[in-house]
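Asks:
Protein chains: 2
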Amino acid sequence: MIFRSGGSGPPDLTDGHRMDTADRILTTAEELMQTRGYNGFSYQDLADAIGIRKPSLYHHFPSKADLGRAVIGAYRDRMRRVADQLDAVEGIDPVSALTLYLEPMLEIGRRPGAACLCGVLGSEFSAMPEEMQAEVTAFFEEHLDFLERLLARGRAEAAFRFEAEPRAVARLALSLIEGAMILKRSIDDRTLVGETVGTLTGLLRG
Amino acid sequence: MIFRSGGSGPPDLTDGHRMDTADRILTTAEELMQTRGYNGFSYQDLADAIGIRKPSLYHHFPSKADLGRAVIGAYRDRMRRVADQLDAVEGIDPVSALTLYLEPMLEIGRRPGAACLCGVLGSEFSAMPEEMQAEVTAFFEEHLDFLERLLARGRAEAAFRFEAEPRAVARLALSLIEGAMILKRSIDDRTLVGETVGTLTGLLRG
DNA sequence: GTCTATACAAAGATAGAC
DNA sequence: GTCTATCTTTGTATAGAC
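So the protein lines, in turn, are chains A and B.
Going left to right, the first sequence walks through residues 1 to 206 as this note's numbering numbers them.
Going left to right, the second sequence walks through residues 1001 to 1206 as this note's numbering numbers them.
Okay, here's the thing in structure tokens:
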């Protein structure tokens, strides 16, 4: 394999592999969207953060809405991959699966200015292009489905104990995670998401 | 008392009393901020929605940040009044107090495009003027304090049953409410907030 | 693939008449 | 207190050279 980057200067490293411009744009845009929301950053902000000129962005993403959709798509894929891998492991302990599943969310929770991308975008839902709305909705549906499956299995195997329907508990869990991410930034408390998720799993285990 | 409104046309009624222009601006701006976020609406949108011209807004609120702060302030006062009234009732049943406290949130939850103003604004926290950030933070702190008091008293009186610290449960409850508001719009489900709050109170009552 | 230059609309805001 | 007219800056986006 030949590295595509041909310029001078330091290589762009993230997660240990080199990134081309499109990836750098996606990564930086995700950061901006997580911290400022879709309507809270401009192509100018993005270009400044990356260190290129504004029109260069249009070569990779012909409109801000296209970029927005791509950013959510990448986030969604990344998060879904975790869920898919856990679904693929036969007979994994439900408590462990839940812990592994929540780890990416806890990681975001520990990053001071960050929050779940889709939680943030859900807050500006009707002020967003429709293509982006559909991506956000799909993200939430996917994760509700995963949580419902995991909770149902976990209760059947006596790893979890709760009265309500698995779907209702899944809805509660996802609401809780998303809400904790929003709240923690406003009260400037990095421990909130971890603490809250801990309280939840404590409740679920009876 | 003499009504201040002097023009022709239908009187502006909300909650059964006439509103002057400043109130209409505040009310309409709150709606826009709840549905589109602070960076998702403009003075032009607001003027159009009210039916006046853009510069007229500046007579009442000299900047968008001023208006934003005023909108949160009004929302905060309104919500705090409920909490203060409940604090003032000697020996009120904690479960009833919690139900009454949550009713305004449930009402917002039933309104299709709406969400808690401060939850929405918490999502764009770092893309907001500092004066507004401070209001949002204060809102959350107030409500965490109220919930903590209520939960501690409720447990002492055996109306609630939970293991964790009252503060931790208050943080969980507020995260849950705010998250449910965000989520319900993105999955277009008006029942989510009510269902989720029901599940929570069920859990708290043991 | 990136740049300079530029078009065009919208945003926040002000001046000053009525 | 509201209006018309206007200013300035920013935002999204395109044209065309390198």
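The beta-carbon is built from N, C-alpha and C at its ideal position, and this holds for glycine as well.
Just so we're clear, the structure is a prediction, and the values are computed from it rather than from any experiment.
(1) Quick one: what does DSSP say B/Arg1036 is sitting in, helix, strand or coil?
(2) Any idea what DSSP makes of A/Arg69, helix, strand or coil?
(3) Terminal residues of the continuous alpha helix (DSSP H) containing B/Lys1092?
(4) Quick one: does A/Thr191 have its CB under 7 Å from some CB of chain B?
(5) What's the C-alpha gap between A/Gly198 and A/Leu106?
(6) Less than 7 Å between the beta carbons of A/Leu86 and A/Ala97, yes or no?
(7) Hey, is B/Val1095's beta-carbon within less than 7 Å of any beta-carbon in chain A?
(8) Between the C-alpha atoms of B/Leu1057 and B/Glu1130, what's the straight-line distance to the nearest angstrom?
(9) Roughly how many angstroms separate the alpha carbons of B/Val1110 and B/Thr1191, rounded to a whole number?
(10) Residues of chain A with CB closer than 7 Å to the CB of B/Gly1037, please, in chain order.
(11) Verify the CB distance criterion: does A/Ile92 have a CB-CB separation below 7 Å to chain B?
(12) Going by alpha carbons, who is nearest to B/Ala1159 out of B/Asp1189, B/Leu1150, B/Ile1072?
(13) Are there three or more Cβ pairs, one per stretch, closer than 8 Å when the segment 43–60 of chain A is compared with the segment 80–94 of chain A?
(14) Is DSSP giving B/Met1153 helix, strand or coil here?
(15) At a cut-off of 6 Å, is A/Phe41 close to the ligand MN when judged by its beta-carbon and the heavy atoms of the ligand?
(16) If we call anything under 7 Å between Cβ atoms a contact, is A/Glu142 one with A/Ala170?
(17) For A/Thr28, tell me which candidate among A/Met79, A/Leu67, A/Gly206 has the shortest Cα-Cα distance.
(18) By Cβ distance below 8 Å, which residues in the same chain neighbour A/Arg155 in space, the five residues on each side in sequence not counted?
(19) According to DSSP, is B/Arg1076 part of a helix, a strand, or is it coil?
(20) Alpha carbon to alpha carbon, what distance is there between B/Arg1078 and B/Arg1153?
(21) Nearest to A/Ile52 by CA position, among A/Ile25, A/Gln34, A/Glu195, is which residue?
(22) Would you list, in chain order, the members of the segment 1070–1092 of chain B that have their beta-carbon closer than 7 Å to a beta-carbon of chain A?
Replies: The relevant details are as follows:
(1) In the second sequence, residue 1036 of chain B corresponds to position 36, counting from 1. In the structure shown, B/Arg1036 falls within a helical segment according to DSSP collapsed to helix, strand and coil.
(2) Counted from its first residue, the first sequence places residue 69 of chain A at position 69. Helix, per DSSP.
(3) As a working mapping, residue 1092 of chain B is identified with position 92 in the second sequence. At residue 1092 of chain B the sequence reads Ile, which differs from the Lys that was named. Neither: B/Ile1092 is in no alpha helix (DSSP H) and is coded neither H nor E.
(4) For this step, residue 191 of chain A is matched to residue 191 along the first sequence. At a cut-off of 7 Å between C-beta atoms, A/Thr191 does not count as an interface residue with respect to chain B.
(5) The count along the first sequence starts at 1 and reaches residue 198 of chain A at position 198. The count along the first sequence starts at 1 and reaches residue 106 of chain A at position 106. The straight-line gap from Cα to Cα measures roughly 10 Å.
(6) Indexing the first sequence from 1 puts residue 86 of chain A at position 86. Indexing the first sequence from 1 puts residue 97 of chain A at position 97. A contact, by the Cβ cut-off of 7 Å.
(7) Taking the first residue of the second sequence as 1, we reach residue 1095 of chain B at position 95. Chain A contact via Cβ: absent.
(8) As a first step, residue 1057 of chain B is located in the second sequence; it is residue number 57 there, counting from the start. As a first step, residue 1130 of chain B is located in the second sequence; it is residue number 130 there, counting from the start. For B/Leu1057 and B/Glu1130, the distance between alpha carbons rounds to 21 Å.
(9) Counted from its first residue, the second sequence places residue 1110 of chain B at position 110. Counted from its first residue, the second sequence places residue 1191 of chain B at position 191. Inspection of the sequence shows that residue 1110 of chain B is occupied by Arg rather than by Val. Between B/Arg1110 and B/Thr1191, the C-alpha separation is close to 7 Å.
(10) Numbered from 1 along the second sequence, position 37 holds the residue referred to as residue 1037 of chain B. Near B/Gly1037 (Cβ distances below 7 Å), the residues of chain A are Gly37, Asn39, Ser123, Glu124, Ala127.
(11) The residue you call residue 92 of chain A lines up with position 92 of the first sequence. No, A/Ile92 lies away from the interface with chain B (no Cβ there is under 7 Å from its Cβ).
(12) Translated into the one-based positions of the second sequence, residue 1159 of chain B becomes position 159. Closest option to B/Ala1159, Cα to Cα, is B/Leu1150.
(13) no
(14) Counting from one through the second sequence, the residue named residue 1153 of chain B turns up at place 153. Note that residue 1153 of chain B is Arg in the sequence shown here, rather than Met. Under the three-state reduction of DSSP output, B/Arg1153 falls in the helix class.
(15) This structure simply doesn't include the ligand MN, nor any ligand for that matter.
(16) Within the first sequence, numbered from 1, the residue matching residue 142 of chain A stands at position 142. Within the first sequence, numbered from 1, the residue matching residue 170 of chain A stands at position 170. Not in contact: A/Glu142 and A/Ala170 (Cβ atoms no closer than 7 Å).
(17) Within the first sequence, residue 28 of chain A is the residue found at index 28, counting from 1. Among A/Met79, A/Leu67, A/Gly206, the Cα nearest to that of A/Thr28 belongs to A/Leu67.
(18) Within the first sequence, residue 155 of chain A is the residue found at index 155, counting from 1. Excluding residues within five positions, the ones whose Cβ falls inside 8 Å are Arg161, Phe162, Pro166.
(19) Here residue 1076 of chain B is taken as the residue at index 76 of the second sequence, counted from 1. Residue state, collapsed to three classes: helix.
(20) Residue mapping note: residue 1153 of chain B aligns to position 153 of the second sequence, counting from 1. Residue mapping note: residue 1078 of chain B aligns to position 78 of the second sequence, counting from 1. Between B/Arg1153 and B/Arg1078, the C-alpha separation is close to 24 Å.
(21) Within the first sequence, residue 52 of chain A is the residue found at index 52, counting from 1. Closest by alpha carbon: A/Ile25.
(22) none
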